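Here the sequence shown stands for residues 59 to 356, numbered as in this note's numbering.
C-beta: ideal position from N, C-alpha, C; glycine also.
Quick caveat: nothing in here was measured; it's all calculated off a predicted structure.
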Amino acid sequence: MQHKVTKAVFPVAGLGTRFLPATKSIPKEILTLVDRPLIQYAIDEAREAGITEFIFVTSRGKSALEDYFDRAPELEASLKAKNKTDLLKIYNDTCMDSGAIAYVRQNQALGLGHAVWCARHLIGDEPFAVLLPDDVIAAEKPCLKQMVEAYADIGGNMVAAMEVPPEKASAYGVLDVNVAAISPTLKVNGMVEKPAPGTAPSNLAVIGRYILSPQVLRNLDGQQTGAGGEIQLTDAIAREIEQSGNVYAYRFQGQRFDCGSKAGFLQATLAFGLARADLRDELEDYIYDMMAMRQAAE
């Protein structure tokens, strides 16, 4: 049986306080990585994976995010009049068809589990993906596409996973799996959200890509709080491990950047800039000059 995934949820209700003062007036998801906002990377990844229905869980003050995917008639007319076909293609890629995006509000900041639960009526009774725009992944084959292909054969629930240093495990949901297994798809025996230092069951952590069954939404109906006093998505997934044993970790091929932190955002900017043929030479020269100046100063 093939398990198809066509819907994706994008939790974008956060205030982005780590990026103040920029996020005082614009949503964090609109912050630009090279020349595209963070949310565009997530949308492009979802499209590549075959997603056709996009559900945004937003909050007050996110109107700029909604406007970003709408058409801008004056800009479009100007590009056409000046025959700027390359820019027109870039512009068209940012526009979403009418009805392709749906928006629901999370009116209280109660955690990722609650944000996903807010989209339950739009998801219905079918598997769905969740993408956190803060996690930007550079990969030859997009991370979610890798997962969708693996999920088609096994179904259940799947989380993207990567190795993290032991001292950083307490910042993640950490998986109890057989890390020595060769396959990229691993059966999950347990999951701990933000484990205390020294108690993590492995060094394999969950990052912001999920494919979930509708049962996870029903698990969230109880609105039970977990780590940090929030309604944790990992707790609802952990219940599936206990009740059905149908949760899998997928060790994706690619490099993940934590663009929810300033350091991660800057690292991603360098990595994506150096990957661009039109920017690489000038950026490399600048980096070499900066390093030479720093070494000379030392």
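Simplified DSSP assignment, three categories, for P95: strand
Three-state class that DSSP yields for Q164 in the structure shown: coil
Alpha carbon of L324 to alpha carbon of N165, nearest angstrom: 31 Å
Delimiting residues of the alpha helix (DSSP H) encompassing P272: If you look at P272, you'll find it in the alpha helix (DSSP H) that goes P272 to L278.
Between the CA atoms of V70 and T292 - distance to the nearest angstrom: 18 Å
Helix, strand or coil at I265 [DSSP, three-state]: strand
Residues that DSSP places opposite F112 in a beta bridge: A66 and I159
Residue span of the alpha helix (DSSP H) that contains K245, given as start and end: Looking at the DSSP string, K245 is not in any alpha helix (DSSP H); the run it does join, the beta strand (DSSP E), is T243 to K245.
Cβ shell of S260 (< 7 Å), same chain only, five flanking positions each side left out: Answer for S260: V232, L233, D234, V235 and V237, listed in chain order.
Assigned exposure category for S302 - 16 Cβ within 10 Å defines buried: exposed
Under 8 Å between C-beta atoms of Q329 and A196: For the sequence presented, residue 329 should be read as Ala rather than Gln. Yes, they are a contact pair.
Member of L91, D144, G256 and G331 whose CA lies at the smallest distance from the CA of E225: G256
Beta-ladder partner(s) of D151, from DSSP: Answer by DSSP bridge pairing: none, since D151 is not bridged.
4-residue-minimum alpha helix (DSSP H) runs that sit fully inside the region 290 to 329, ordered along the chain: 291 to 301, all fully within the region 290 to 329.
K86 burial status per 10 Å Cβ neighbour count (16 or more: buried): buried
Where F127 sits in the DSSP three-state scheme: Three-state result, F127: coil.
Contact between the region 241 to 249 and the region 303 to 312 (3+ Cβ pairs under 8 Å): yes
Any 3 or more C-beta pairs closer than 8 Å across the region 263 to 271 and the region 189 to 203: yes
Secondary structure of L189, DSSP reduced to three states: strand
Alpha-carbon to alpha-carbon, A219 and G280: 27 Å
Proximity below 8 Å, CB of F114 to CB of F77: no
Same chain, Cβ closer than 6 Å to G74, neighbours up to 5 away in sequence not counted: Cβ within range, chain order: T81 and K86.
Straight-line Cα distance separating Y346 from G169: 42 Å
Length of the line joining the Cα atoms of L133 and L146: 9 Å
Secondary structure of A177, DSSP reduced to three states: coil
Alpha carbon of R314 to alpha carbon of V222, nearest angstrom: 11 Å
C-beta contact flag for A227 and A208 at 8 Å: no
Buried or exposed (CB count within 10 angstroms, at least 16 for buried), K320: It counts as exposed.
Minimum C-alpha distance to R163 - residue among E103, G119, A335 and A254: G119
Cα-Cα separation, A326 to K199: 18 Å
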